[in-house]
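Residue numbers (the working numbering), protein chains in the order written: chain Y, 1 to 742; chain U, 743 to 992.
Below is one structure; the comments refer to it alone.
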Amino acid sequence: MPRKVKPFKKGRWTLRTDLQDFIYQNINPYEGDASFLKGPTKRTLALWKKVEKLFDLERKKGGVLDIDTEVAGGIISHGPGYIDRKNELITGLQTDKPLKRAVKPVGGVRLVERACEARGYKLSPKLKEIYTKYRKSHNDAVFSIYSAEMKKLRSLGIITGLPDSYARGRIIGDYRRPALYGLAYLIKEKEKDLIKIDDNMSTMAIRLREEVSDQLQALKDMLVLGKMYGCDLSRPAKNAREAIQWTYLAYLAAAKESDGAAMSIGPISVFFDAYLERDIKAGILTEEKAQELIDDLTIKLRMIRQLRAPEYDELFAGDPVWVTIVLGGMTGDGRTKVTRTDFRFLNTLQNLGPAPEPNLTILYSPRLPAGFKKFAAGISINTSSIQYENDDLMRPLAGDDYGISCCVSLLKAGSQIQYFGARCNLPKALLLALNEGRDEKYGELVVPGVPKLKGRYLEAEQVRENFNYVVAWLAKQYVKTMNVIHWVHDKYYYEAAQMALLDTNVDRLMAFGIAGFSVVVDSLCAIRYAKVRPVRDKKGITRDFIIRGDFPCFGNDDERADNRGRDLVVSFITELRKTPIYRRANPTLSILTITSNVLYGKVTGATPDGRKAGSPFAPGANPMFGREKNGVLASLDSVSKLPYYAAQDGISNTFSIVPSALGVDAGIQKANLIKILDGYFTRGGQHINVNVLDKALLQDAMEHPEKYPQLTIRVSGYAVHFTKLSRDHQEEILKRTFHEAL
Amino acid sequence: MKKTGQLHSIETLGTRDGPGLRCVFFLSGCNFRCKFCQNPDTWTLKGSQKISLHALYDRLLRLLPYLQKDGGGITASGGEPSLQPGFLIELFKMAHNMELTTVLDTNGSCEPKYISRLLAVTDTVLLDVKASTKKLHKELTGGELEQVLVFGRRAAGRWARQGRPVLVLRRVLLPGINDTSEELEKFARYALSLDKQPAVELIPYHSLGAHKWKELKMKYPFAGLKPPGVKEWGRAAEFLKKKGLTVYKG
Ligand code: SF4
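Here you go:
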């Protein structure tokens, strides 16, 4: 017998937009185990089967099922679209057909053209004309502004992978707002904000006024999008299904408008839980139905697609979109944020099988309830589809309500954005220091004023001085380049839908990054502790290095190496802070490569640590393959020592272990994984990807991809279908250290 | 007090030789020459590093959050760790001060005058009894069986009286060599004669260490020996279980 639905507990959130307070008042912490969970319903399985068939078709067509080459993507450009209308609980697709991708030429018309061609399609001449003749695209605008130096740094692969030829992404709209408040309210609030922006019409005020006007239009478009699917988004959601549907449509609006590299969905789990538990208590929802809703949303999120240019695929392998969802965590007052819905999200990996998306991220604290830790550890061991990030480290910076952007980047929900900045190839910077500022591939002068090194062997002090000089010079160029890109992106490819769901005056971060971290640390150690003789060609450029003697390597809990790692991170961010940044954004730094470690390695010459020219870097902050001599904990400890305060955009660590090394049986494996996580995060580690896999399985999957359509593996901050990776990427993963039993 | 030792290597994640997570220290030097040795590179001090207790303390301190839970701690292995008794005893004392448990993986050849001091700081003894007849033991290992049996007896005696150290008898099962009924019979009789009855870990022989022999330019004596199958292992385990012993697979 349905009882009356109890209204939510009131608080500050009733007076103004304040999701954190809503959660604070209405959270239902859950300390139990997983026994309440339900499997998939027949309806879910039937729907999922249809989608799997589409995935299969997509795979067979080389990765893209279909492209709409005629209509430029936007919030209301397409739709409605369905998989199986009467059997869908949560509706909404990016275009009128499942997995059909829209083009977004405003990012760069030539890129879209190439992306279409690579898949055997042709961009409509009309669109091409519009975006060449009448409307400048982001990509064109950036290149019209770049200085000669910036172009050189980019084309030589020193500062690279930048969002000048793809959309920056990384912004997380607060997609929960329409569900809690309704769009009518949000529109009213934005209108009030707009009136207040004046500042004598300074350049910044003009810009913000234009942006807020765009945001208002986006909110109105969202209303239309809602109508297409029969939802009145102007009012708040009345029940759990509506809350999930409203939130999803808001996210969908963003994914239709923009093809940002990473588009996380943020902290939705605990929010949905408030609605789900309220409906269950009122007797209008059962556990089975609650799981169905989460399963259905997950199916939708697994279907988000963007059209990418081939260059993009090389950087970010496996066709990712980074629909990152955060689960777990604690509140500032010591309660846990783990709810039944956090279990339900993890349960989707059982109900629907493993998958890389949505990118499930557990905000970990050793204080999380034991039942949840155990369940998560078990899922990790079975699916290798979860990543963990340190809630105790991030909560003090972000408060109780935050999301993870892309892989490892902290963003306060609703009030903070970041300007994404890919990364600087640090081993190349080191080689510039050894070659009088000339690039090691072509001998081209990049950094003026780097003194020539004296002596037959590399001398630590000289190298250090040169390297510091190069880093300082590069950091300045890096900031300037980013200033250009994001000024242009804001102007030409503004993410109105996402920004409309954030506070009008947001806090901005500018996220810089470094790649090849452990290569440089080990190289500096080799120079300091062994004898390293550069082999130079006729032009005097280093071609190889002859190393005599042993040297400490990063990843062995050896302070000599680890201290160099710390120094490197701190000095890089210190240099970045010296140059003024666009819109007064705060610089942050990541040690994250995603899968670009393969490409960056390919274009980088031999390095003094003994790494051969062209071979991949280790991903993220990982130690180099095969140099970890003291086992798992030593390797983890080296990474966990890296100072998060200096790299607040995240420090990514990917950890692969064969099941038997974790313990003799499933129970012990789980318990030991929890101990490893507890230890790692107590020691201050920020992020860890956990893969529990046998190498042989991956080798088999390389040979027989058809047998493993769902095989998922964590790479660097996200997960991919292993069989969707290129051969190069697959081989790099096999080279990685798989910690084995004694 | 011996403050430095000769270390071969460290494995920071041991999950199989005792409770919790364990940091395993492989100490250099061995007085046996087992024909099936998986770590012949630990026999001599060549390539070993001198390490101070202080340095190990720093390392363990950093790893405490991993090791301290559920009775985790350190394991001393080798080589033969008891060949460095002074250092080993200090290492174990230090571990106890850090609330870490201590496991000793030994061939049982500790010099008698150190035995009681060593056992006093050991929580678990994993004692290799590689053969149970005098001749075979000598042949397989080059070492005397008697000292091994004495070490086990003293460990079990202390265990019975003082509750520590727990004793586990280990045997690497070499098919057709040390799994004969005579061998197993004697092995069981010894185990049952102790003051407190130890569990038995039967480790199927494997040849994964063979490449190390090659690297050291030595001939691997057991080159054709096949690892025991599930059946052979099961037969040996069954035999010991019938005698009333607890057997598990290593
Ligand atoms: S006692 Fe151990 S280390 Fe020594 S030879 Fe025998 S198996 Fe090798």
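Here a beta-carbon is modelled for each residue, glycine too, at the ideal position from N, C-alpha and C.
Check	Outcome
Spatial distance of P917 (chain U) from G605 (chain Y) (CA atoms)	52 Å
Stretch pair the stretch 50–70 of chain Y + the stretch 388–406 of chain Y: three plus CB contacts closer than 8 Å	no
Unbroken beta strand (DSSP E) run spanning F736 (chain U), endpoints	Absent from the structure is residue 736 (chain U), since the part of chain U shown begins at 743 and ends at 992.
For L432 (chain Y), the first and last residue of its enclosing alpha helix (DSSP H)	L426 to L434
The ligand SF4 heavy atom lying under 7 Å from the CB of E822 (chain U)	yes
Distance cut-off 7 Å: C776 (chain U) Cβ against heavy atoms of the ligand SF4	yes
Alpha-carbon spacing of G747 (chain U) relative to M960 (chain U), whole angstroms	26 Å
Neighbour flag for H739 (chain Y) against chain U, beta carbons, 8 Å	yes
Interface flag, A370 (chain Y) vs chain U, CB-CB below 8 Å	no
Any 3 or more C-beta pairs closer than 8 Å across the stretch 358–376 of chain Y and the stretch 323–339 of chain Y	yes
C852 (chain U) Cβ short of 7 Å to the ligand ZN heavy atom set	The ligand ZN is not among the ligands present in this structure, which contains only the ligand SF4.
H838 (chain U) - containing alpha helix (DSSP H), residue span	P827 to N839
Chain Y contact for L803 (chain U) (CB, 8 Å cutoff)	no
Short Cβ contact (8 Å threshold) for S165 (chain Y) with L111 (chain Y)	yes
Residue burial classification, M222 (chain Y) (beta-carbon count within 10 angstroms, cutoff 16)	buried
Partners in chain U for R566 (chain Y), counting only beta-carbon separations shorter than 7 Å	Residues of chain U passing the Cβ test: none, with the nearest at roughly 14 Å.
C-beta neighbour in chain Y for C772 (chain U), strict 8 Å	no
Nearest neighbour of R804 (chain U), chosen from Y:Y134, Y:R423, Y:N556 and Y:M510 [CA to CA]	Y:N556
Bridge partners - P587 (chain Y), DSSP secondary structure assignment	Y:M510
Y582 (chain Y) beta carbon less than 8 Å from that of G107 (chain Y)	no
C776 (chain U) at chain Y interface by Cβ criterion, 8 Å	no
Length-filtered (3 minimum) beta strand (DSSP E) runs lying within the stretch 546–604 of chain Y	586–591
Boundaries (first-last residue) of the alpha helix (DSSP H) holding E277 (chain Y)	S269 to K281
Stretch pair the stretch 938–946 of chain U + the stretch 960–978 of chain U: three plus CB contacts closer than 8 Å	yes
Contact the stretch 766–776 of chain U vs the stretch 845–855 of chain U: 3+ CB pairs below 8 Å	yes
Any non-hydrogen atom of the ligand SF4 closer than 7 Å to N920 (chain U) Cβ	no
Any 3 or more C-beta pairs closer than 8 Å across the stretch 837–845 of chain U and the stretch 871–882 of chain U	no
First through last residue of the beta strand (DSSP E) which encompasses E753 (chain U)	T746 to G756
Status (buried if at least 16 other CB within 10 Å, exposed otherwise) for A370 (chain Y)	exposed
Residue from Y:L642, Y:T737 and Y:K6 whose Cα sits closest to the Cα of A282 (chain Y)	Y:K6
Chain-ordered chain Y contacts of G918 (chain U) [CB-CB under 7 Å]	Correct list: empty, because the minimum Cβ distance to chain Y is about 26 Å.
Near the ligand SF4: C424 (chain Y) beta-carbon under 7 Å from a heavy atom	no
Residues within the stretch 295–325 of chain Y neighbouring chain U, beta-carbon criterion of under 7 Å	none
Minimum Cβ-Cβ distance from G378 (chain Y) to chain U less than 8 Å	no
Residues near E58 (chain Y) by beta carbon distance below 6 Å, same chain, minus five either side	L65 and L99
Residues near Y962 (chain U) by beta carbon distance below 6 Å, same chain, minus five either side	A952 and W955
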